[in-house]
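Beneath this line is the structure, given in structure tokens, with notes to follow.
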Amino acid sequence: MKIMLLTAATGGGHLRAAAAIEKYIKENTPYDVVTVDALKAIGKFLDKTVCDSYLFMAKRTPALFGRLYKRTNKENLFSDLVPKLSGLFSSLLLRSIEDYEPDVIITTHPFATEMVSDLKEDGSVKAPLICVITDYGVHRAYICKCVDAYVVATEDMIPELTAFGIPLEKIHPFGIPVHGVFFDHVDQDEMLRGLGLDPGLPTLLFMAGSFGVSNIIGLYRDLESTDVPMQIIVITGRNEKLFEAFEKEVEKGSRIPTKLVYFTDEVEKYMHAADLLVTKPGGLTVSEALACNLPMAVFDAIPGQEEDNANFLKTHDMCVRLQKGGDFAQEISSLLRERHRLQEMREACREFDKSQSVPNMLALIQELLQAQGYTAQEDGGQ
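Using this note's numbering, the letters of the sequence shown correspond one by one to residues 3 to 384.
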């Protein structure tokens, strides 16, 4: 059997979900699998235009982004713009699909979903289409006529999808796929000692790469002014300016033991070591934290999908929301003091178990293929 994953780089979450699916398939099945960036496959100009526009709006004009997100989620002429544009580029994506000849297509991005749906509608593609929604709310851009199944983050999304006209039997709340290392059971004290940290101190993890320098440094200084014992891990990602600013801050001397990390591809280590994650609520970051049973303090949510993610977490008591203008240090300090409260949040995260997302998806693929009369050879799924 040949599985094609189609994604796009408007935010890292779509890519990370596809990578998690691909890794599991390669390590646990005999199937062939390939991941293709749909926008790059169509052309560099389209990829750069779409990705740069998304990043600019999400970071520089989040309020405008939020208004557009809500506007395009309504049934009006403007909401049809993205599907129409996607339709124009479907034929350019077809070449990549025909070259690979997949038995099934999985998409983790709405543009890719719309394009494959167009190709299925005109008969150019016959393979079943599974759409993975990588956030905790539904946007109309994902809703396409020829999607055979939707894999979603949570049961909470079922009413939203049925309201858009999606039949219940097409909705599968398996969870957003994340790499298996996030589900590993580890000894937190041992992990902290391995990182040179004190198992006796509450540990706060900042995923800070997408924050503004002055903003996050100010929050760090606020925490320093409290008297609550804690230690902090700061991951700046590839944000060199932020890393350098934190280096200078730490070198000044701080009452809080601080471990500063630049880019890492072992985020799970730090999540497993932490008691609380301070982060923006991106869909994959949220899912990875939940897999680690790690409660969150979320803020600076981009209006739109990140707002949906934050609301989901808050509704299920898996996070606290930090509002602009609020007393950040007081809220965090209170939470670290009330260890029973933090433990309750951790238990809520643990109960949200989506560790079988990809295995469930593979079983779904078999069902869809059997319904089409597909018969794969047992010796490798050719």
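All C-beta atoms in this analysis are idealised placements derived from N, C-alpha and C, irrespective of residue type, glycine included.
Between residue 125 and residue 147, what straight-line distance do the alpha-carbon atoms span, to the nearest angstrom?
Translated into positions along the sequence shown, residue 125 becomes position 123. Translated into positions along the sequence shown, residue 147 becomes position 145. Rounded to the nearest angstrom, the two C-alpha atoms are 13 Å apart.
Relative to the alpha-carbon of residue 109, which residue among 6, 250, 316 has its alpha-carbon at the smallest distance?
Mapped onto the sequence shown, residue 109 falls at position 107. Cα-wise, what sits closest to residue 109 is 6.
May I ask you to list the residues that DSSP assigns as paired with residue 323?
Counted from its first residue, the sequence shown places residue 323 at position 321. Residue 323 pairs with 300.
Can you tell me which of 225, 243, 275, 359 puts its alpha carbon nearest to the alpha carbon of residue 257?
The residue labelled residue 257 in the question sits at position 255 within the sequence shown. Nearest option by C-alpha distance: 225.
9 Å Cβ cutoff met for residue 313 and residue 138
Residue numbering aside, residue 313 sits at position 311 when the sequence shown is read from its first letter. Residue numbering aside, residue 138 sits at position 136 when the sequence shown is read from its first letter. Yes. Within cutoff.
Sort 24, 237, 297, 281 by Cα distance to residue 304 and report the nearest one.
As a first step, residue 304 must be located in the sequence shown, where it is residue number 302. Nearest C-alpha to residue 304: 281.
C-beta atoms of residue 321 and residue 185 nearer than 9 Å:
Working through the sequence shown from its first residue, we reach residue 321 at position 319. Working through the sequence shown from its first residue, we reach residue 185 at position 183. No.
Boundaries of the alpha helix (DSSP H) in which residue 113 is found, first to last residue:
Position 111 of the sequence shown, counting from 1, holds the residue named residue 113. Segment 112-123, the alpha helix (DSSP H) holding residue 113.
Rounded C-beta distance between residue 176 and residue 363? I'm assuming under 8 Å.
Your numbering for residue 176 matches position 174 in the sequence shown. Your numbering for residue 363 matches position 361 in the sequence shown. Indeed they touch by this definition, with Cβ atoms about 6 Å apart.
Exposed or buried, what is residue 18 when buried is set at 16 or more other beta-carbons lying within 10 Å of its beta-carbon?
The count along the sequence shown starts at 1 and reaches residue 18 at position 16. Burial call: buried.
According to DSSP, is residue 164 part of a helix, a strand, or is it coil?
The count along the sequence shown starts at 1 and reaches residue 164 at position 162. Note: residue 164 maps to helix in three-state DSSP.
Look at residue 159 and residue 135 and say whether their C-beta atoms are less than 9 Å apart.
On the sequence shown, residue 159 is found 157 positions in, with the first residue counted as 1. On the sequence shown, residue 135 is found 133 positions in, with the first residue counted as 1. Against a cut-off of 9 Å, the Cβ pair of residue 135 and residue 159 comes out as a contact.
At 3 residues or longer, what runs of the beta strand (DSSP E) sit wholly inside the region 244-276?
260-263
Stretch pair the region 101-120 + the region 268-280: three plus CB contacts closer than 8 Å:
no
Can you name the start and end residues of the alpha helix (DSSP H) that residue 351 belongs to?
For this step, residue 351 is matched to residue 349 along the sequence shown. That run of the alpha helix (DSSP H) goes 341-353.
With C-beta atoms as the reference, is residue 178 less than 9 Å away from residue 155?
As a working note, residue 178 is residue 176 in the sequence shown. As a working note, residue 155 is residue 153 in the sequence shown. In this structure, residue 155 lies closer than 9 Å to residue 178 by Cβ.
Who are the near neighbours of residue 98 in its chain, counting only those whose CB is closer than 6 Å to its CB and skipping five residues on each side?
As a position in the sequence shown, residue 98 is number 96, starting the count at 1. Around residue 98: 38, 43.
Note down the Cα distance separating residue 379 from residue 205, rounded to an integer number of angstroms.
By 1-based counting over the sequence shown, the position of residue 379 is 377. By 1-based counting over the sequence shown, the position of residue 205 is 203. Because residue 379 sits at a pLDDT of 45, beneath the cut-off of 50, its placement in the model cannot be relied upon, and the point is left open.
Per DSSP, what kind of secondary structure is residue 225 in: helix, strand or coil?
Indexing the sequence shown from 1 puts residue 225 at position 223. Three-state result, residue 225: helix.
Buried or exposed for residue 122, please, with buried defined as at least 16 other CB atoms from any protein chain shown within 10 angstroms of its CB.
Translated into the one-based positions of the sequence shown, residue 122 becomes position 120. Label assigned to residue 122: buried.
Per DSSP, cross-strand counterpart(s) of residue 4
Position 2 of the sequence shown, counted from the start, is the residue given in the question as residue 4. Beta-bridge pairing links residue 4 to 34.
With 16 other CB atoms within 10 Å as the buried threshold, where does residue 265 fall?
For the purposes of this step, residue 265 is identified with residue 263 of the sequence shown, where counting begins at 1. Residue 265 should be labelled exposed.
Residue 287: which of 128, 16, 45, 8 sits nearest, CA to CA?
By 1-based counting over the sequence shown, the position of residue 287 is 285. Minimum Cα distance to residue 287 is reached at 16.
I'd like the span of the alpha helix (DSSP H) that includes residue 315, first residue to last.
Counted from its first residue, the sequence shown places residue 315 at position 313. Taken as a continuous stretch (DSSP letters only), the alpha helix (DSSP H) holding residue 315 covers 307-317.
Within 9 Å (strictly less), CB to CB, does residue 317 reach chain D?
Structure shown: chain D not included; a single protein chain is present.
Below 8 Å on the Cβ atoms is my guess for residue 9 versus residue 114; work out the distance and round it to an integer in Å.
By one-based count along the sequence shown, residue 9 stands at place 7. By one-based count along the sequence shown, residue 114 stands at place 112. With a Cβ gap of about 7 Å, residue 9 and residue 114 count as contacting.
Exposed or buried, what is residue 260 when buried is set at 16 or more other beta-carbons lying within 10 Å of its beta-carbon?
Your numbering for residue 260 matches position 258 in the sequence shown. With 16 or more Cβ atoms within 10 Å of its Cβ, residue 260 is classed as buried.
Grab me the residues of residue 291's own chain with a C-beta within less than 7 Å of its C-beta, minus the 5 sequence neighbours each way, in chain order.
Working through the sequence shown from its first residue, we reach residue 291 at position 289. Excluding sequence neighbours, residue 291 sits near 273, 279, 298.
Comparing alpha-carbon positions, which option in 202, 254, 302 lies nearest residue 277?
Along the sequence shown, one-based indexing puts residue 277 at 275. Nearest of 202, 254, 302 to residue 277, Cα basis: 202.
Considering only DSSP beta bridges, list what residue 1 is partnered with.
Outside the shown range of the chain, which is 3 to 384, sits residue 1, and nothing can be said about it.
Own chain residues within Cβ distance below 8 Å of residue 162, not counting five before or after
As a first step, residue 162 is located in the sequence shown; it is residue number 160 there, counting from the start. Contacts found: 139, 140.
What three-state label does DSSP hand residue 102 in the structure shown?
What you label residue 102 is simply residue 100 of the sequence shown in a count that begins at 1. The answer is helix: DSSP assigns residue 102 an H, G or I state.
Taking residue 289 and residue 180 to be in contact with their CB atoms under 8 Å, please state how far apart those CB atoms are, rounded to whole angstroms.
As a first step, residue 289 must be located in the sequence shown, where it is residue number 287. As a first step, residue 180 must be located in the sequence shown, where it is residue number 178. That pair is a contact at about 5 Å.
Hey, out of 172, 195, 237, 342, whose CA is closest to residue 370's CA?
Walking along the sequence shown from the start, residue 370 turns up at place 368. Of the candidates 172, 195, 237, 342, the one whose C-alpha sits nearest the C-alpha of residue 370 is 172.
So who's on the other strand from residue 280, going by DSSP bridges?
Along the sequence shown, one-based indexing puts residue 280 at 278. 208, 299, per the DSSP bridge assignment.
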